[in-house]
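Sequences listed follow chains A and B, in order. Using the working numbering, read the first sequence as starting at 7 and increasing by one per residue. Using the working numbering, read the second sequence as starting at 7 and increasing by one per residue. Glycine residues also receive a C-beta, built at the ideal position from the N, C-alpha and C atoms. In this text, all values refer to a predicted model and were calculated from it rather than measured experimentally.
2 protein chains.
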Amino acid sequence: MTSDPSLSPLQQQAKDWFTRLRDDICTAFEQLEDELASGPHADLPAGRFVRKPWQRNANLQPPQWNEKLPPAQQVAQAGPFKDGGGGEVSLMHGRVFEKVGVNISTVHGVFAPELRARIPGAAADGRFWASGISLVAHLRSPKVPAVHMNTRMLMTSESWFGGGADLTPMLPNEQDTQDFHAALKAACDESDPAYYPRFKEWCDNYFFLPHRAEPRGVGGIFFDQLNTGDVEKDFAFTRRVGQAFLDIYPQLVRRHMQESWTAEEREIQLVKRGRYVEFNLLYDRGTMFGLKTGGNVDGILMSMPPEVKWP
Amino acid sequence: MTSDPSLSPLQQQAKDWFTRLRDDICTAFEQLEDELASGPHADLPAGRFVRKPWQRNANLQPPQWNEKLPPAQQVAQAGPFKDGGGGEVSLMHGRVFEKVGVNISTVHGVFAPELRARIPGAAADGRFWASGISLVAHLRSPKVPAVHMNTRMLMTSESWFGGGADLTPMLPNEQDTQDFHAALKAACDESDPAYYPRFKEWCDNYFFLPHRAEPRGVGGIFFDQLNTGDVEKDFAFTRRVGQAFLDIYPQLVRRHMQESWTAEEREIQLVKRGRYVEFNLLYDRGTMFGLKTGGNVDGILMSMPPEVKWP
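Rendered as structure tokens:
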């Protein structure tokens with residue numbers, strides 16, 4: 007993990023944490039690939055992540071930050087800057103994970119004028135810095151739920167954290183849903199007992215397909231623009247969410263991955279994945295935001311399932 | 007074809023034309039299903055369309071129109087009305103056509119306030135009536151191009167026609183592209199020599215994926231808000247577009263449908279279809295408009311390919 011002199015200590019810590027979380031998740035997922043011993047794909051080789059760096063704009067220097075100042079003054083003093091930064095997509099096509107992508111990125115730029123009014127601290131000055139991790143996993147087995155997780159730090163003339171994790175079972179499983187929510191609730195409660203009910207509801211409202219009047223999955227938590235005034239507390243909460251995900255999701259995979267499944271169950275999975283595509287392309291703000299701000303298309307659309315049906 | 011006393015003669019003629027075009031297209035496509043004699047799916051039974059009516063709101067009466075008045079006064083005199091109308095989806099899963107949907111609809115309603123400013127004649131009075139046909143065909147063979155066609159009549163306090171047809175080959179084929187464009191050009195030229203270059207460019211601009219800097223296919227024509235002041239001429243042009251599609255597209259299918267293909271070509275097709283999904287859900291105004299105005303979800307999303315891959 008190299009230190010970037012243009013970042014303040016907090017920015018560097020956030021960036022380092024997202025990178026370390028990425029490493030830990032990849033290790034845990036490769037471990038699951040190694041453990042598979044039965045089921046329709048046990049004779050395939052265990053999958054391994056392939057990493058591919060990408061640059062938002064190779065020619066632009068990052069802004070210089072002054073840690074001693076609050077975000078507004080850091081941005082004010084950073085001087086003019088244009089779009090830049092980059093990240094790394096880790097992609098695995100394995101025997102447990104049909105397709106899983108983990109993207110880390112640290113980017114900076116200037117929000118388009120039409121976006122600024124809706125973004126905290128960007129109305130008068132559209133410059134931003136952002137660092138984060140996002141992950142989407144589509145499993146071979148319809149018995150194992152698909153999952154999405156992301157956490158990020160944003161900075162304009164204000165700074166905040168956002169993220170969450172949510173589960174999309176292909177076949178209903180009450181125990182999985184309960185355990186996933188319990189892990190996220192524990193992470194929330196450690197920071198603030200008010201968080202879980204609020205962020206669970208936010209998640210339910212967000213991951214909903216109005217045209218079908220259907221939730222995308224069984225939810226989880228979702229939070230954005232978290233800025234309590236105590237940045238250490240907010241960062242600690244963000245880390246807890248990532249840690250909770252890393253603790254619980256591999257347990258759910260391990261619970262079901264050795265089971266077999268029917269052709270009908272696979273068909274249900276492929277159709278359910280269509281709802282995932284519809285949500286991400288019609289409604290997901292991250293997808294829209296990324297595509298409209300010149301993000302890395304492969305990184306943004308790595309969330310697309312590997313195989314889908316609309317019958 | 008039953009006559010609806012609430013429609014003016016022109017509205018009735020438009021509705022009847024869309025219905026007849028639907029019938030002719032379905033007959034032509036079923037004929038292709040019968041003709042298939044070789045290739046990987048020749049042993050499957052010939053496909054047949056299944057029709058399913060849908061109602062936008064069964065409880066609401068259509069407005070009463072007075073043919074003798076111009077559209078603005080017809081709408082003004084029609085009295086208050088809410089969303090209503092309906093249509094019919096014809097869907098076929100065949101051995102040539104992996105999935106083809108043809109939707110006809112005649113609906114009326116009130117545009118949401120945020121949409122009105124951008125719609126001709128709707129700023130002061132959001133009520134509308136619309137009738138049209140739309141078609142999307144995804145073929146089993148990657149040698150046969152996918153296709154989209156739609157034509158429609160719209161009425162607010164103004165009235166106009168819109169529509170077009172465009173081709174999406176899975177594998178490049180210059181002859182198919184030339185023949186498809188030539189047929190549409192001939193239809194355009196019969197109405198106005200200025201139409202083809204204008205509507206071809208409109209199509210190229212519209213069916214474009216900015217996030218990939220890629221066209222969706224090889225284009226065709228696209229027109230909207232066509233209101234020359236001569237409604238008979240505009241309607242005649244709209245009919246010619248439908249007729250040109252009906253003449254040329256089955257020729258292209260017939261040209262290639264008996265050929266075989268490789269697994270690699272099928273894979274290219276499934277990935278290419280992903281671009282189709284991305285375009286329709288991220289950018290297509292018809293899809294967005296339909297989903298946001300409470301349209302029939304199955305009819306709107308019948309454009310989704312039956313099977314897709316994002317590798």
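Check	Outcome
Between Arg291 (chain A) and chain B, is there a C-beta pair that is closer than 8 Å?	no
Starting from the N-terminal side, write out each stretch of the beta strand (DSSP E) that is 3 residues or longer and does not extend beyond the segment 134 to 206 of chain B.	152 to 161, 165 to 174
Who are the near neighbours of Gly248 (chain B) in its chain, counting only those whose CB is closer than 6 Å to its CB and skipping five residues on each side?	Leu27, Thr157
Under DSSP, the beta strand (DSSP E) around Gln61 (chain A) begins and ends at which residues?	56 to 61
Who are the Cβ neighbours of Val283 (chain A) in its own chain at under 7 Å, not counting the five residues just before and after it?	Met310, Pro311, Val314
Taking 8 Å as the CB-CB cut-off, is Lys191 (chain B) touching chain A?	no
Is the distance from the Cβ of Gly92 (chain A) to the Cβ of Pro59 (chain A) below 8 Å?	yes
Nearest-angstrom Cα distance between Leu252 (chain B) and Phe251 (chain A)?	54 Å
Within 10 Å of its beta-carbon, does Val56 (chain A) have 16 or more other beta-carbons around it, so buried, or fewer, so exposed?	exposed
In chain order, what residues of the segment 205 to 225 of chain B put their CB closer than 7 Å to some CB of chain A?	His217, Arg218
Report yes or no: is there a C-beta of chain A within less than 8 Å of the C-beta of Glu284 (chain B)?	yes
Whose C-alpha, out of B:Trp23, B:Leu121, B:Asn109, B:Glu36, is nearest the C-alpha of Arg291 (chain B)?	B:Leu121
Taking Cβ positions only, does Leu50 (chain B) come closer than 8 Å to chain A?	no
Answer yes or no: do Val303 (chain B) and Arg218 (chain A) have a C-beta to C-beta separation smaller than 8 Å?	yes
Hey, is the segment 197 to 212 of chain B in contact with the segment 269 to 285 of chain B, meaning 3+ C-beta pairs nearer than 8 Å?	no
Contact criterion: CB-CB distance below 8 Å. Does Met310 (chain B) meet it with respect to chain A?	yes
Which residue marks the beginning of the beta strand (DSSP E) containing Met98 (chain A), and which one marks its end?	90 to 98
Beta carbon of Ile31 (chain A): closer than 7 Å to some heavy atom of the ligand HEM?	Of the ligands one can find in the structure shown there are none, so the ligand HEM has no counterpart to examine.
Suppose you measure from the CA of Arg260 (chain A) to the CA of Ser96 (chain A); what does that come to, to the nearest Å?	21 Å
Can you tell me the Cα-Cα spacing of Asn286 (chain B) and Gly168 (chain B), whole angstroms?	18 Å
Taking DSSP as the reference, what is the three-state secondary structure of Phe24 (chain B)?	helix
Leaving out five residues on either side along the sequence, give the residues of the same chain with a beta carbon under 7 Å from the beta carbon of Phe186 (chain A).	Leu173, Gly226, Ile254, Leu258
What separation, rounded to the nearest whole angstrom, lies between the Cα atoms of Met308 (chain A) and Trp23 (chain B)?	44 Å
Taking 8 Å as the CB-CB cut-off, is Pro317 (chain A) touching chain B?	yes
Verify whether the separation of the beta carbon atoms of Leu215 (chain A) and Arg204 (chain A) is less than 8 Å.	no
Expressed to the nearest angstrom, what Euclidean distance is found between the alpha-carbon atoms of Gly170 (chain A) and Gly100 (chain A)?	25 Å
Decide if Arg124 (chain A) is buried, meaning its Cβ has at least 16 other Cβ atoms within 10 Å, or exposed.	exposed
How far does the beta strand (DSSP E) with Phe103 (chain B) in it extend, from its first residue to its last?	103 to 116
Is there at least one Cβ from chain B nearer than 8 Å to Leu121 (chain A)'s Cβ?	no
Using DSSP bridges, identify the partner residues of Pro221 (chain B).	B:Phe214
Could you check if Gln18 (chain A) is buried or exposed, using at least 16 other CB atoms within 10 Å of its CB as the buried criterion?	buried
Are Gly138 (chain A) and Thr162 (chain A) closer than 8 Å when you measure CB to CB?	no
Sort B:Asp40, B:Ala188, B:Pro175 by Cα distance to Arg281 (chain B) and report the nearest one.	B:Pro175
Suppose you measure from the CA of Glu36 (chain A) to the CA of Gln181 (chain A); what does that come to, to the nearest Å?	24 Å
Span of the beta strand (DSSP E) holding Glu313 (chain B)?	313 to 315
Rounded to the nearest angstrom, what separates Val102 (chain A) and Thr244 (chain A) at their Cα positions?	28 Å
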